[in-house]
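Presented below is the structure to which this report refers.
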Amino acid sequence: MGFIERPPEWFRRLIRAGEFRILHRSRESAEVDPKTVYLTFDDGPIPEVTPWVLDMLDRYGVKATFFMVGENVMRHPELLAEIRRRGHGVGNHTLHHLQGSKVTTRRYLRDVEKADKLLSTPLFRPPHGWLRPRQAHALKKKYRIIMYDLVTRDYSKRLTPEQVVRNVKRYARDGSIIVFHDSLKSWPRLETALPASLEWLCAQGFRFALL
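In the working numbering, the protein residues as written are 10 to 220.
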């Protein structure tokens, strides 16, 4: 099992305030629906990639949640509006894509709040998938901290698009929160891996839900 692709239990326990996987139970029965996943995109929005992602999601009838960097929203507010217009969810990914372990808690929280003035969302995901316990404790009072059950690693230059799709096929399961990136760094793999992954997930009977 990949440490990055599917975070181990000890890592999930370190960030207890975060949601890594969501299992829904039907009101009519106690059975878990084994066919629900939560598709997310980090680090956008950018004009070179995000509009293409939106068109691809439309093609498959899929809704996703976009965890956006405030600086990018400031540069491209029309993309935030378009994401919302198409019925997708919005999450906070800090204003400057800060890594919590490298800055003080005060600076980190201030950066998150500045991004929230642009995004107005109850959802937050820490850049690089990490934040300090004090930061998590403070943010939990206002936000749902959304982590991940499957990181596709579409950002990695060491992987081919086919290997990214292989990660999706290997690790996707009921309740998975799946991470892609609408970024230039991920684009060389995303262009092929996203439609192939959506095709496979749909063929397997997964339904897509918003956070």
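All C-beta atoms, glycine included, are put in the ideal place defined by N, C-alpha and C.
Please state whether the Cβ-Cβ distance between Asp158 and Ser185 is less than 8 angstroms. yes
Pairing CB atoms from the stretch 96-104 with CB atoms from the stretch 117-131, are three or more of them under 8 angstroms? yes
Can you check whether the CB of Leu132 is closer than 8 angstroms to the CB of Leu220? yes
DSSP puts Ser185 in a beta bridge; with which residues? Arg30
Distance, Cα to Cα, Phe50 vs Val174? 15 angstroms
Whose C-beta lies closer than 6 angstroms to the C-beta of Pro135 among residues of the same chain, with five residues either side of it excluded? Gly109
What does Thr74 pair with, by DSSP beta-bridge criteria? Thr49, Gly98
Can you check whether the CB of Leu168 is closer than 8 angstroms to the CB of Arg216? no
Going by beta-carbon coordinates alone, are Asn81 and Pro54 separated by less than 8 angstroms? yes
Looking only at DSSP bridge pairs, what is Leu88 linked to? Answer by DSSP bridge pairing: none, since Leu88 is not bridged.
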